[in-house]
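Working notes, structure below.
Numbering (my numbering), first residue to last: 2 to 273.
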């Protein structure tokens, strides 16, 4: 038996176009209108996923499993209420994250190709969209994955280690048991989904979530700012001189998700 279609009345009800998402530019000159799709397709739901430390990862793209996305984009100039045509947008669009540049001239966004997460930008003044050459994101974790520098000419993002290798394979024979301690006292304990369960899970988590922080110009000139780590978030100071990071440190817990793991906050100069 194959998948069956319901009656036309139900199809029209389910396939109704969802409301768009809007975002106002920082200079109040532009209004961005993003159109999400309807319900996810069977192909979207059938993609492989890894469940590690409370998150679900698409191992093919190094992105989030079943992440929300947008299929349409419009830019409105508020002064005249006219739409700015945008040339060069990829097809299909599949836009996942976006961020305005500080001066409001550019819009950066990530595009899921099905095999990778690309970084794109739109020059709103000219109406041209372009891919930033060689900029592929590690988008497995929540929180900041890319951020404009204050000059609006470069972007800091989570990239990939130079020597990534293959994902760690599960051992045929475990090295030993998974040991947990208890004091023998009853206590209420919260339950969470998709926790780490073994050293192999830890190795997979490290492999898929470790990334260096890379700075790229819009032309694709790159510089590694900080070495590979599991960065939960990063933030650039308003003057562009300093960088605040939050990264995970071991040991990992098998009882709580990653947002409750031990972490370390550091402040660096903008050059690392």
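Glycine included, every Cβ here is placed at the ideal spot set by N, Cα and C.
Distance between residue j and residue i (C-alpha atoms, nearest Å)
{"i": "residue 118", "j": "residue 7", "result": "35 Å"}
{"i": "residue 239", "j": "residue 153", "result": "12 Å"}
{"i": "residue 227", "j": "residue 244", "result": "10 Å"}
{"i": "residue 135", "j": "residue 209", "result": "19 Å"}
{"i": "residue 80", "j": "residue 103", "result": "19 Å"}
{"i": "residue 266", "j": "residue 14", "result": "48 Å"}
{"i": "residue 55", "j": "residue 235", "result": "20 Å"}
{"i": "residue 250", "j": "residue 34", "result": "39 Å"}
{"i": "residue 193", "j": "residue 49", "result": "21 Å"}
{"i": "residue 73", "j": "residue 149", "result": "23 Å"}
{"i": "residue 26", "j": "residue 107", "result": "9 Å"}
{"i": "residue 128", "j": "residue 197", "result": "46 Å"}
{"i": "residue 138", "j": "residue 157", "result": "10 Å"}
{"i": "residue 211", "j": "residue 11", "result": "44 Å"}
{"i": "residue 1", "j": "residue 254", "result": "Here the chain covers residues 2 to 273 and nothing more, so residue 1 does not appear."}
{"i": "residue 259", "j": "residue 141", "result": "12 Å"}
Where residue i sits in the DSSP three-state scheme
{"i": "residue 231", "result": "coil"}
{"i": "residue 173", "result": "coil"}
{"i": "residue 143", "result": "coil"}
{"i": "residue 269", "result": "strand"}
{"i": "residue 90", "result": "coil"}
{"i": "residue 138", "result": "coil"}
{"i": "residue 161", "result": "coil"}
{"i": "residue 59", "result": "strand"}
Pick from the options that is closest to residue i, judged by C-alpha positions
{"i": "residue 191", "options": "140, 257, 131, 150", "result": "257"}
{"i": "residue 230", "options": "179, 146, 177, 202", "result": "146"}
{"i": "residue 223", "options": "155, 189, 207", "result": "155"}
{"i": "residue 216", "options": "124, 83, 120, 11", "result": "120"}
{"i": "residue 114", "options": "89, 29, 61", "result": "61"}
{"i": "residue 19", "options": "176, 178, 40", "result": "40"}
{"i": "residue 93", "options": "70, 273, 202", "result": "70"}
{"i": "residue 86", "options": "75, 96, 95", "result": "75"}
According to DSSP, residues forming a beta bridge with residue i
{"i": "residue 124", "result": "107, 129"}
{"i": "residue 36", "result": "73"}
{"i": "residue 9", "result": "Beta-bridge pairing links residue 9 to no other residue."}
{"i": "residue 113", "result": "118"}
Element boundaries [alpha helix (DSSP H), containing residue i]
{"i": "residue 44", "result": "43-46"}
{"i": "residue 262", "result": "Residue 262 -> no alpha helix (DSSP H), and no H or E assigned at all."}
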